[in-house]
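Remarks on the structure that follows.
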Amino acid sequence: MATTQPDMGINRTGIGTSPRLSGDMIDATKEFRPSVSGDERQIAYVRGDYAREADKLGSVPPPPTAKGMAKTALQGLKSARPVQFIDKLGERLGFERSGVRVYEALISKFDHTGGFEGGPERMEVEQILREEFEHFRMLEAAIKKLGGDPTALTPSANFHATMTSGVIASVVDPRTSFAQCLEAALLLELADNDCWDALVQLADRAGQNDMVADFEKAIRDERDHLLKIRTWLAVAQGRAGATNGG
Amino acid sequence: MAIDLLKDRGTPLEQQKFTWKDLVQPTYSKLDDDAFTRVRVILMNGIEAEALRFGHSCARMNRDLQVHLAKVRRIEQHQQTMVNWLNPPDQSPLETTIGFEQVAIEVTAAVALKEPDPYLAQVYRFGLLEDFDHLYRYSALMDRVEGKDANTLVQSYTDIVPGRPTSVEHRDAADDIRRAYQKDRAELATKLHAFTIMSAEHMTHDYYMTVGPTYADPVGRQLYAEIASIEEQHVTQYESIIDASETWLEKWLLHEATEVYNYFSCVESEGNSRVKAIWERFLDYELGQLRYVADLFEKMERRDAAEVITSQLPSPIDYVSHRNFVRETLRAELNLTAKGEEFVPFDQESDLSRRQREQLNSEGSPSDFVSAGYIWAPGTELTRQAPNVSDGRQRQQPTAH
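Residue numbers (the working numbering), protein chains in the order written: chain W, 1 to 246; chain A, 247 to 647.
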């Protein structure tokens with residue numbers, strides 16, 4: 001069983017490491033003053049300048065086939081925002097696909113460092129991984145059904161990938177523990193739960209009843225993932241009994 | 247431990263071997279290791295990068311040296327990999343940038359104090375005050391954009407206050423050329439110092455040019471662009487202090503001696519035992535490479551290597567805080583600029599430099615924007631004052647004090 005607690009040691013990042021040196025640091029700020037006046041709002045001004053001139057992250061690609069275009073156009077009659085729907089489907093597809101890789105990394109961490117008492121069995125993590133994979137494939141089919149290109153990186157998919165890049169970096173780092181990485185998974189699952197809720201509403205508005213049913217199944221899975229991870233984390237952090245495995 | 251540059255044979259080239267696993271070692275800890283371990287890793291990556299850069303330039307100009315250069319360069323490339331990959335993955339490019347500036351401050355200060363040539367010592371002090379300011383501007387960026395304290399990286403060894411303001415560091419190119427040491431008169435220490443700082447500054451420039459565009463905030467992108475431009479000035483300055491009449495082989499020999507000197511300095515000061523073992527291994531590798539190049543030099547130039555290098559290394563670089571020296575330099579030399587090869591009070595700068603600076607700053611100065619009114623405090627500026635979120639649409643230019 002792996003430990004779920006951090007070690008106490010010689011962390012050197014705080015000023016308490018050396019009161020003498022840090023006192024010198026503060027003294028220096030009294031003698032050598034800022035070379036220009038103002039405050040942090042200067043940064044906002046520059047952001048504003050660039051925001052006015054900036055292009056967007058990118059666009060949603062048109063359907064690759066004439067048939068696809070017809071389908072999209074058809075659905076457009078019912079949906080006020082078909083392009084947004086494709087964008088968000090692409091977002092979830094990318095998120096679930098990366099989620100599979102995150103859980104693979106989590107499993108390999110489990111295999112090499114071990115779990116903890118009251119934490120998950122390997123097969124429970126495997127099940128989450130399998131469900132993330134099923135969601136990815138389901139979304140691939142959904143985008144194809146609408147005539148979209150499931151291999152395209154949509155703007156929202158790209159945006160979410162940027163946001164979650166830290167999650168991936170955290171779980172593949174050999175120095176992080178299995179318990180720490182469950183927190184990375186928690187971030188994913190929290191976002192995933194809300195985003196699936198949104199996607200069901202978008203599918204409903206687009207009149208895609210089959211998708212609504214499929215997506216509601218995904219929501220049930222994601223609720224289950226979130227509950228399990230919260231429970232395991234509570235055990236890992238000593239906030240709950242080790243007998244409650246989820 | 248005593249090194250004899252002319253006699254030690256080190257590890258023969260054919261025994262300098264690696265595996266992929268070997269090249270990618272466990273990293274140092276951003277949280278627990280001493281800041282000077284990061285400083286040494288960043289510097290030595292720069293030293294190895296320069297070894298490659300020089301080796302390629304030399305190969306393009308010397309057909310008869312190409313095989314020899316390729317042999318040594320392949321090893322150097324692997325050494326650089328092993329050293330650079332000691333940086334941990336949880337250290338962001340901006341955090342590594344803070345490390346680069348700490349290198350530029352503390353290593354340049356160490357060199358400035360040891361430099362026997364008074365003019366060159368002033369060159370180092372001049373560059374030092376500019377890099378010192380960069381640390382302050384990047385720290386303001388880290389604090390104000392990311393809410394992080396740069397002192398978690400510099401660990402109270404290096405003050406985070408303004409130096410010579412970055413916005414006034416921009417000069418005409420001709421004002422960045424300095425007088426060179428004379429190869430037949432200069433001490434070995436002078437040559438090794440020059441090669442060391444030139445390498446560090448070149449790597450710094452290349453690093454900022456690589457990571458600058460990865461930064462999302464526009465002020466950060468601008469700040470990297472601005473400071474990279476200064477680093478180009480610094481590379482110009484530091485390469486100009488090296489005697490251009492040295493032969494290619496003579497320079498190669500000095501590059502190898504510089505690597506020996508720097509690994510030796512690292513061995514003498516390293517506290518992380520795993521990292522120290524790498525410095526010791528590479529010190530032996532570099533002695534082997536130095537021997538190889540010295541033999542080539544003697545064979546091809548029919549000169550004794552002792553004409554270029556001495557047996558004894560200069561005293562090692564001190565990896566300690568140079569706070570007092572830097573502050574004294576700030577008090578005495580902040581108001582200098584460069585005019586041709588000389589350092590003059592700022593009001594005597596050349597017209598060309600003034601025009602260059604005014605042109606570049608004519609749409610505002612990123613280093614001023616990012617640090618307007620910035621005072622470092624332990625735990626970030628937010629421990630000292632509440633954030634200012636009043637309406638920022640009425641723009642006011644920061645004003646110089």
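C-beta: ideal position from N, C-alpha, C; glycine also.
No experiment lies behind these values; they were computed from the predicted model shown.
- Query: Which same chain residues, not among the five before or five after E322(A), have their C-beta less than 6 angstroms away from its C-beta?
  - Reply: Excluding positions up to five away in sequence, the list reads E294, A297, L298.
- Query: Closer than 8 angstroms, Cβ to any Cβ of chain A: which residues of the stretch 177-198 of chain W, in chain order?
  - Reply: Against chain A - using a Cβ distance shorter than 8 angstroms - the stretch 177-198 of chain W contributes no residues.
- Message: Does chain A have any CB closer than 8 angstroms to the CB of V46(W)?
- Response: The beta-carbon of V46(W) is placed less than 8 angstroms from the nearest beta-carbon of chain A.
- Task: Give a yes or no on whether 8 angstroms exceeds the smallest Cβ distance from R12(W) to chain A.
- Result: Interface residue, yes.
- Could one say the Cβ of F615(A) lies closer than 8 angstroms to chain W's Cβ atoms, at least one of them? For F615(A), at least one C-beta of chain W is nearer than 8 angstroms to its own C-beta.
- How big is the Cα-Cα spacing for L332(A) and Q261(A)? Rounded to whole angstroms, the separation of the alpha carbons of Q261(A) and L332(A) is 23 angstroms.
- Determine the closest residue to E547(A) out of L580(A), E492(A), I563(A), V329(A), with distance taken between C-alpha atoms. Comparing Cα-Cα distances from E547(A) to each of L580(A), E492(A), I563(A), V329(A), the minimum goes to E492(A).
- Query: Alpha carbon to alpha carbon, how far is S511(A) from G610(A)?
  - Reply: Each residue's alpha carbon lies about 42 angstroms from the other.
- Task: Under the assumption that E91(W) contacts A157(W) (Cβ atoms under 8 angstroms), give the Cβ distance between them as a whole number of angstroms.
- Result: Between E91(W) and A157(W), the beta carbon gap of about 5 angstroms places them in contact (Cβ cut-off 8 angstroms).
- Does D310(A) come within less than 8 angstroms of chain W when only Cβ atoms are used? D310(A) does not count as touching chain W.
- Item | Cutoff 8 angstroms: T113(W) Cβ touching any chain A Cβ | Residue contact with chain A for T113(W): absent (no Cβ-Cβ distance below 8 angstroms to any residue of chain A).
- Could you please give the first and the last residue of the uninterrupted alpha helix (DSSP H) stretch that includes K198(A)? One cannot answer for residue 198(A) here, as it falls past the ends of chain A, which runs 247 to 647.
- Could you please give me the residues that DSSP links to T583(A) through a beta bridge? DSSP, once it has assigned bridges, lists V590(A) as partnering T583(A).
- Backbone CA spacing between L77(W) and G99(W) [nearest angstrom]: Annotation note: pLDDT 46 at L77(W) (below 50); position unreliable, coordinate value reported separately. The alpha-carbon of L77(W) is positioned some 33 angstroms away from that of G99(W).
- Query: With a CB to CB cut of under 8 angstroms and the five nearest residues on each side skipped, what residues in its chain are close to C181(W)?
  - Reply: Excluding positions up to five away in sequence, the list reads A105, L106, K109, S170, V171.
- Item | CB of S37(W) within 8 angstroms of CB of T645(A), strictly | Inclusion of S37(W) and T645(A) in the CB contact set at 8 angstroms is warranted, their separation being smaller than that value.
- Message: Suppose you measure from the CA of T398(A) to the CA of V465(A); what does that come to, to the nearest Å?
- Response: Looking at the two C-alpha atoms, the distance is approximately 22 angstroms.
- Query: Does the distance from the CB of L500(A) to the CB of L542(A) come in under 8 angstroms?
  - Reply: In terms of Cβ geometry, L500(A) and L542(A) do not form a close pair [threshold 8 angstroms].
- Since S165(W) meets chain A, which of its residues come closer than 8 angstroms, beta carbon to beta carbon? Result: empty, since nearest Cβ-Cβ is about 11 angstroms, beyond 8 angstroms.
- Message: Along the chain, where does the alpha helix (DSSP H) containing R600(A) start, and where does it finish?
- Response: Note, R600(A): alpha helix (DSSP H), 597-606.
- Which ranges does the alpha helix (DSSP H) cover as unbroken runs of at least 4 residues, wholly within the stretch 1-75 of chain W, from first to last along the chain? The DSSP assignment places complete alpha helix (DSSP H) segments of no fewer than 4 residues inside the stretch 1-75 of chain W at 19-31, 41-53, in order along the chain.
- Message: For a cutoff of 8 angstroms on Cβ pairs, would you count Y620(A) as touching chain W?
- Response: The Cβ of Y620(A) sits closer than 8 angstroms to at least one Cβ of chain W.
- Message: Going by DSSP, what residue range makes up the alpha helix (DSSP H) through K88(W)?
- Response: For K88(W), the enclosing alpha helix (DSSP H) starts and ends at 82-113.
- Name the residues in the stretch 369-399 of chain A whose C-beta lies less than 9 angstroms from a C-beta of chain W; which are they? Only those residues of the stretch 369-399 of chain A whose C-beta falls short of 9 angstroms from the nearest C-beta of chain W are listed: D379, Y382, A386, L387, D389, R390, V391, D395, N397, T398, L399.
- Quick one: which chain A residues come within Cβ less than 8 angstroms of M138(W)? When 8 angstroms is used as the limit between beta carbons, M138(W) is near no residue of chain A, the shortest such separation being about 32 angstroms.
- Report all residues from its chain with a CB closer than 6 angstroms to the CB of K263(A); omit the five preceding and five following residues, and keep chain order. For K263(A), where only same-chain residues beyond five positions count, there are no Cβ hits under 6 angstroms.
- Could you give the distance in angstroms between the alpha-carbon of Y461(A) and the alpha-carbon of D310(A)? Rounded to whole angstroms, Y461(A) and D310(A) show a C-alpha spacing of 43 angstroms.
- Cross-chain neighbours of T645(A) in chain W, by beta carbon under 9 angstroms: Taking a Cβ-Cβ threshold of 9 angstroms, the residues of chain W close to T645(A) are V36, S37, G38, in chain order.
- How would you list, in chain order, the residues of chain W whose beta-carbon sits under 7 angstroms from the beta-carbon of N655(A)? With chain A covering 247 to 647 only, the question about residue 655(A) has no answer from this structure.
- Message: Using only the alpha-carbon positions, how far apart do R569(A) and A503(A) sit?
- Response: One C-alpha to the other measures close to 29 angstroms.
- Message: Does the structure place the stretch 598-616 of chain A close enough to the stretch 413-424 of chain A that three or more beta carbon pairs sit under 8 angstroms?
- Response: As far as the Cβ criterion goes, the stretch 413-424 of chain A touches the stretch 598-616 of chain A, which means the pair count is three or higher.
- Message: Could you check whether the stretch 564-580 of chain A touches the stretch 349-357 of chain A, counting it as contact only if at least three pairs of C-beta atoms, one from each stretch, sit closer than 8 angstroms?
- Response: Segments in contact, yes.
- Message: So for Q558(A), helix, strand or coil by DSSP?
- Response: In this structure, Q558(A) counts as strand in the three-state DSSP scheme.
- P591(A) burial status per 10 Å Cβ neighbour count (16 or more: buried): Looking at its Cβ environment, which holds fewer than 16 other Cβ atoms inside 10 Å, P591(A) is exposed.
- Task: Use the C-beta contact count for S275(A): other C-beta atoms within 10 angstroms, 16 or more gives buried, fewer gives exposed.
- Result: Buried is the call here.
- Item | Own chain, CB closer than 6 angstroms to T343(A), minus 5 neighbours either side, in chain order | Only Y384 meet the Cβ criterion.
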